[in-house]
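Reviewing the structure listed below.
Residue numbers (the numbering used here), protein chains in the order written: chain L, 18 to 217; chain W, 18 to 217.
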């Protein structure tokens, strides 16, 4: 194994920081933060980095942007590099802690309900507020991605761990991004779906 | 944001490769592969890298070890760096694909049932066989870690996506590692548990 890499890493594309800077690094209104997520998601798949998903980590009180992330599965070659994992990891690297609650009340803004992996990633991150554009199977129908099996009580399970969910922020704009992605005939939907009774 | 890091990365501690090399890079018997996972998990918390968890990625047909990973939450400062995410990411970096099914039938060996985040990480990785030492709340009782809310039909949901689960491989040895961890009075249990009705 000595000749093999014993590490992995992920770099945000430069255009992500460009988008954050042009949006402004303090975005007091939740709609501004969600608009940034939509813009990043819409650009991400056109840049070829991964699926149409983006996440923004912000100070929940001031709207200061700690970090942004996009889905980098294709760019990184790593299946775990969904937007939420990327954004939370960059924020934790910047802030110097695996527990974002140590720097204040931190919000994660995502352009749809997280998949089952990212649901857990949010749970362990120290985030205390999750803001999403919406939830529902529209994302799977429009994009072809499998979001995985979520529990019906997923919001209650968050609440028991001190995490509040806020939904339906610029929902229609999220669907427009997914529809744009779904209209392409040249994309890679990278989730595994090999089972005979493949997921809905 | 220009002065802030726009990347993150994780390196395996050198002792992980040492352990793999001394175990042997081809381990045809499942018990050998699980024994390696237990050895890595037992050493990991003593080394101060993170919790007592380890994962091994192997060729399911030959037992050739593609990669090993340990929980690196404390070492990396990143809450998503559970053993499964680390092992799968190192394997994907080595093998050059976000889809491990592209290189054959790949097994992930873990020293207990994955948490909800890692459940999703396995689902999206291209792994087709998950081998675990066991499942049940012993891990939470002995170590204090929260594993998150899993669905009762988690195995069926894997099966629908072409992933087979094999359990109860060297189960008692897993519990011994967790009990050893739990006996320490100097450890950091890093999962968030801030809710009033904190999780079991």
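Note that the Cβ used here is the ideal one computed from N, Cα and C, for glycine as well. Quick caveat, the model's predicted, so the values are computed rather than measured.
From residue i to residue j, what distance separates their C-alpha atoms?
i: residue 29/L; j: residue 181/L; result: 28 Å
i: residue 130/L; j: residue 184/L; result: 9 Å
i: residue 76/L; j: residue 122/L; result: 6 Å
i: residue 206/L; j: residue 100/W; result: 26 Å
i: residue 54/L; j: residue 109/L; result: 19 Å
i: residue 106/L; j: residue 25/W; result: 7 Å
i: residue 188/L; j: residue 155/L; result: 11 Å
i: residue 118/L; j: residue 96/W; result: 12 Å
i: residue 33/W; j: residue 49/W; result: 16 Å
i: residue 199/W; j: residue 128/W; result: 16 Å
i: residue 47/W; j: residue 63/L; result: 43 Å
i: residue 194/L; j: residue 202/L; result: 15 Å
i: residue 39/W; j: residue 137/L; result: 34 Å
i: residue 186/L; j: residue 172/L; result: 16 Å
i: residue 114/L; j: residue 113/W; result: 30 Å
i: residue 18/L; j: residue 83/W; result: The predicted position of residue 18/L is uncertain, since its pLDDT is 42 and thus under 50; a value taken from the coordinates is nonetheless stated next. Those two C-alpha atoms are separated by around 8 Å.
i: residue 22/L; j: residue 81/W; result: 16 Å
i: residue 176/W; j: residue 78/L; result: 43 Å
i: residue 41/L; j: residue 111/L; result: 18 Å
i: residue 12/W; j: residue 52/W; result: Past the boundaries of the shown model lies residue 12/W; chain W is included only from 18 to 217, so the question cannot be answered.
i: residue 65/W; j: residue 158/L; result: 44 Å
i: residue 160/W; j: residue 124/L; result: 28 Å
i: residue 190/W; j: residue 163/L; result: 35 Å
i: residue 225/W; j: residue 170/W; result: As displayed, chain W neither begins before 18 nor continues past 217, which places residue 225/W out of reach and without an answer.
Can you check whether the CB of residue j is closer than 8 Å to the CB of residue i?
i: residue 103/W; j: residue 120/W; result: no
i: residue 168/W; j: residue 168/L; result: yes
i: residue 69/L; j: residue 59/L; result: yes
i: residue 143/L; j: residue 116/L; result: yes
i: residue 91/W; j: residue 67/W; result: yes
i: residue 71/L; j: residue 89/L; result: no
Can you pull the chain C residues whose beta carbon is under 9 Å from the beta carbon of residue i, in chain order?
i: residue 66/W; result: Protein chains in the displayed structure are L and W, and chain C is not among them.
Assuming the contact rule is C-beta atoms closer than 8 Å, residue i and residue j should be a hit. Round their C-beta distance to whole Å, please.
i: residue 73/W; j: residue 126/W; result: 4 Å
i: residue 165/W; j: residue 140/L; result: 6 Å
i: residue 133/L; j: residue 204/W; result: At roughly 28 Å, the Cβ-Cβ gap does not stay under 8 Å, so residue 133/L and residue 204/W are not in contact.
Problem - Residues of the region 26-37 of chain L with Cβ closer than 7 Å to any Cβ of chain W, in chain order - result: From the region 26-37 of chain L, only 26, 27, 28, 29, 34 and 37 have a Cβ closer than 7 Å to chain W.
Exercise for the section: Could you list the residues in the region 137-160 of chain L with a C-beta less than 8 Å from some C-beta on chain W, going in chain order? Expected result: 137, 138, 140, 141, 142, 143 and 145
Handout entry: Residues, ordered as in the chain, of the region 52-79 of chain W that lie near chain L by beta-carbon distance below 7 Å
Key = none
Practice task
Compile a chain-ordered list of the residues in the region 124-138 of chain W whose CB is closer than 8 Å to at least one CB of chain L.
Solution key: 132, 133, 134, 135, 136, 137 and 138
Handout entry: Contact the region 142-158 of chain L vs the region 145-153 of chain W: 3+ CB pairs below 8 Å
Key = no
Problem - Where the region 93-104 of chain W meets chain L: residues whose CB sits under 7 Å from a CB there - result: 94, 95, 96, 97 and 102
Practice task
Return the residues of the region 175-189 of chain L that lie within a Cβ-Cβ distance of less than 7 Å from chain W, sorted by chain order.
Solution key: 176, 177, 178 and 179
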